[in-house]
Amino acid sequence: MTETTTATDLLALHETMAVIRRTEKAAHDLFLSGLVKGTTHLAAGHEAVAVGTRAALKDGDYAFATYRGHHHAIAWGATPEECLAELMQRSTGLNKAKGGSMHLTKAEAGMLGSYAIVGAHLPMAVGAAWSARLRKTDQVAVAFFGDGATNIGAFHEALNLASVWKLPVLFVCENNFYMEYTPIGSVTGVGNPAADRAPSYGIPAEVVDGNDVVAVRDAVARAAGRARAGDGPTVLEAQTYRHYGHSRTDPAKYRPDGELERWMERDPLTVSAGRLRESGTSDDDIKAAEDRAAAVVEQAVAAAKAAPQADLGEAFTDVWADGGAAWRT
Amino acid sequence: MADVTTAQDVVTYRDSVAEGIAREMRRDPSVVCLGEDIGAAGGVFKTTVGLFDEFGPDRVWDTPISEQAIVGAAMGAAMTGMRPVAEIMFSDFLACCWDYLANEIPKVRYMTGGQVTVPLVIRTANGGGLGFGAQHSQSVENWALTVPGLKIAAPSTPADVVGLMASAIRSDDPVVFFEHKGLFASKGAPAPDGHVVPFGQAAVLREGTDVTLVALASTVPLALTAADRLAAEGVEAEVVDLRCLIPLDVSAVLRSVERTSRLVVVEENPFQGGWGGTVVSVVADEGFELLDAPVKRVAGANVPLPFADALEDQVIPTVDKVVDAVRSLATY
Chain A
1 MTETTTATDL
11 LALHETMAVI
21 RRTEKAAHDL
31 FLSGLVKGTT
41 HLAAGHEAVA
51 VGTRAALKDG
61 DYAFATYRGH
71 HHAIAWGATP
81 EECLAELMQR
91 STGLNKAKGG
101 SMHLTKAEAG
111 MLGSYAIVGA
121 HLPMAVGAAW
131 SARLRKTDQV
141 AVAFFGDGAT
151 NIGAFHEALN
161 LASVWKLPVL
171 FVCENNFYME
181 YTPIGSVTGV
191 GNPAADRAPS
201 YGIPAEVVDG
211 NDVVAVRDAV
221 ARAAGRARAG
231 DGPTVLEAQT
241 YRHYGHSRTD
251 PAKYRPDGEL
261 ERWMERDPLT
271 VSAGRLRESG
281 TSDDDIKAAE
291 DRAAAVVEQA
301 VAAAKAAPQA
311 DLGEAFTDVW
321 ADGGAAWRT
Chain B
1 MADVTTAQDV
11 VTYRDSVAEG
21 IAREMRRDPS
31 VVCLGEDIGA
41 AGGVFKTTVG
51 LFDEFGPDRV
61 WDTPISEQAI
71 VGAAMGAAMT
81 GMRPVAEIMF
91 SDFLACCWDY
101 LANEIPKVRY
111 MTGGQVTVPL
121 VIRTANGGGL
131 GFGAQHSQSV
141 ENWALTVPGL
151 KIAAPSTPAD
161 VVGLMASAIR
171 SDDPVVFFEH
181 KGLFASKGAP
191 APDGHVVPFG
201 QAAVLREGTD
211 VTLVALASTV
221 PLALTAADRL
231 AAEGVEAEVV
241 DLRCLIPLDV
251 SAVLRSVERT
261 SRLVVVEENP
271 FQGGWGGTVV
281 SVVADEGFEL
291 LDAPVKRVAG
301 ANVPLPFADA
311 LEDQVIPTVD
321 KVVDAVRSLA
331 TY
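Residue numbers (full-length UniProt numbering), protein chains in the order written: chain A, 1 to 329; chain B, 1 to 332.
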């Protein structure tokens, strides 16, 4: 823990992670009750990566996320109500019910989208960082991605391009050790799929405990400092674990016995609660924060359920910047 | 760069590309270029000559051979306040970054509920006729046409290159801008100062009463030559240059068919899936009673482009093929 971290800071991080955890649980339950259709890729277990990263950055910094992006959207300011309404196909959804679970976006807060083609958004983050340099701002851009994305071409093209121009971009790998259903190690030639590749592009890399929100925050702060100083990109490989399967249809039976249990001992909320106790926060205060999170999500579920279904007219808006979809005269 | 707007009666299509980009870069500091060999080298087709010298390496960025990164980075920059003009050298190479054209750029506004705007241009050298073989000769505007959310421009004259480039770069929507490599050396009147050609407005380049020839980019001069030859036979062809595929000016086509009652569409891309199929389907739907004969499409054959000139001529549209198609309608 850095000296500047206060118990209040930690409690706020803990509460945001609890909001995300509760939202993911609600999404899971709403799916089982038939109120969420399509699919969901839940990020329970990954909360510390999103929340720790956001905590180290400034307002205006950009984030690009993956189809497993609920936690990034909420960390960047999307409300549980907006997210759950989107999943439930309501007109009040974050993306007007046109995006769904895999595309949660909060552009006004710098969260510029969740992209469901693995790795496609890494070059976009490079472009946003290029734009920041051209506009002479000190913004940085973050690309969150899974371990599986490290084996696609765009990962390598993006790292090289960011390195060539020393752009202020942070490549944050959430290594949960599974590429969808397959252990990443069984399909990858190096042990740390992101961090081991970075040096070949001249980019510094760091492996960080992705279940420790403070460790993530401090590593991101170091990387963002380098980026803002003009020293270029950093690859952070945050090791974490996915509590659920790849998507809601995946019971994750392929996981070895005991693996989930071992990771649950270092669940991000457990780690965070331990730090809070060490810093003198009472169990009552921790519970109060978690209760507030539960209340926020409970209210969000009720509001989303009560919201009107998707507006049918929205099917024909937003193709073009003029709001319409006309392709001919 | 040379000022092509003064003291010249004619300019080349090639020089007009750089001129069109330069005009927009001068008026809007958010316009930036990126691509392979576009900087000091001036582009492999010499279509960016002078830009690097005038605007410098920050605004004219030489990239590695990384098509995904070029187009992906252009997208990220466009989402955050810039107006990037990305070059994909040969249009065949769009396949290397097809995810961005098919899945990312055209969909992000829609799937975010209108939160994100992507004002970018992807320029690329399209088409055959130069003996470059199967992987450097394709006309692929039909690839882009299959994806809702992309605007598509394909100029046939130097002035239209400048005028459509202005519209493309100023567009808040993503534009795929097809420069036909067979036209680079062609010449025409220079664009006037401030020249802007709005998207979705076809041009009637030759008026006629007997048949409408709808053409795009490389097939425009071909249709005009065919029309001259047909005139000698007493057949007056009207030539419509679409200039854009999205938005598609089917109104202009219908107005022309109303005058001529016959229609031949001349497209270089393969017949299978070509844009002519869309033009013809709209005319069949909305203009059936205007027609006095079946519609014809002169299109590329459904084969990869062969290398030898004589073989290439077998499979892409030629003046002879257009004339033959019109003759078959005239006797209908």
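Where a beta carbon is used, it is the ideal one built from N, C-alpha and C, also for glycine.
Assignment of beta strand (DSSP E) within the segment 129-205 of chain B, counting only whole runs of 3 or more residues, yields 151-153 and 175-180 in chain order.
DSSP links residue 209 of chain A through a beta bridge to A:239. Boundaries for residue 263 of chain A: no beta strand (DSSP E) harbours it, while the alpha helix (DSSP H) harbouring it runs 259-264, taken from the DSSP string. Its Cα nearest to that of residue 21 of chain A, the residue A:269 stands out among A:286, A:269, A:305 and A:313. Per DSSP, the unbroken alpha helix (DSSP H) holding residue 230 of chain B starts and ends at 219-232. Contacts with chain A at 7 Å (Cβ-Cβ) do not include residue 31 of chain B. When DSSP states are grouped into helix, strand and coil, residue 244 of chain A belongs to the coil group. For residue 62 of chain A, the uninterrupted beta strand (DSSP E) segment begins and ends at 62-66. The segment 174-187 of chain A and the segment 235-245 of chain A touch, with three or more beta-carbon pairs separated by less than 8 Å. For residue 174 of chain A, the enclosing beta strand (DSSP E) covers residues 169-175. Nearest neighbour of residue 311 of chain A by Cα position, chosen from A:97, A:121, A:52 and A:114, turns out to be A:97. Residues of chain A whose Cβ lies closer than 9 Å to the Cβ of residue 109 of chain B are, in chain order, 318, 319, 320 and 321. According to DSSP, residue pairing for residue 309 of chain A in a beta bridge involves A:90.
In the structure shown, the three-state DSSP call for residue 183 of chain A is strand. Comparing C-alpha distances from residue 13 of chain B to each of B:164, B:260 and B:323 shows the shortest one belongs to B:164. Listed in chain order, the alpha helix (DSSP H) elements of length 4 or more contained wholly in the segment 68-148 of chain A are 70-75, 80-87 and 121-134.
For residue 61 of chain B, the closest alpha carbon among the candidates A:229, A:130 and A:59 is that of A:130.
Taking C-alpha positions only, residue 306 of chain A is separated from residue 55 of chain A by approximately 32 Å.
Between the beta-carbon of residue 213 of chain A and that of residue 52 of chain A there is about 4 Å, and that keeps the pair under the 8 Å contact cut. For residue 209 of chain B, no alpha helix (DSSP H) run applies, since DSSP gives it neither H nor E. In terms of Cα proximity to residue 47 of chain A, the closest of A:179, A:31 and A:209 is A:209.
Look at residue 167 of chain B: its C-beta is not under 7 Å from any C-beta on chain A. Using a 10 angstroms sphere on the CB of residue 303 of chain B, the tally of other CB atoms stays under 16, which defines it as exposed.
Secondary structure at residue 300 of chain B: strand, using DSSP grouped into helix, strand and coil. Using a CB distance cut-off of 7 Å, residue 248 of chain B counts as an interface residue toward chain A. Between the alpha carbons of residue 85 of chain A and residue 262 of chain A lies a gap of roughly 34 Å. The alpha-carbon of residue 243 of chain A is positioned some 8 Å away from that of residue 43 of chain A.
Across the structure, residue 57 of chain A and residue 220 of chain A are spaced so that their CA atoms are roughly 8 Å apart. Between the alpha carbons of residue 31 of chain A and residue 184 of chain B lies a distance of about 57 Å.
At a cut-off of 7 Å between beta-carbon atoms, residue 258 of chain B makes no contact with chain A.
Near chain A, meaning a CB-to-CB distance below 7 Å, no residue of the segment 208-221 of chain B qualifies. The beta carbon of residue 84 of chain B is closer than 7 Å to those of 32, 34, 74, 77, 78 and 120 in its chain, skipping five residues each way along the sequence. By the rule that beta-carbons nearer than 7 Å mark a contact, residue 114 of chain B touches chain A.
The residue from B:151, B:30 and B:313 with its alpha-carbon nearest to that of residue 132 of chain A is B:30.
In this structure, DSSP gives residue 62 of chain B an extended state, which the three-state scheme calls strand. Between residue 321 of chain A and the set B:105, B:330, B:308 and B:65, the nearest pair of CA atoms involves B:105.
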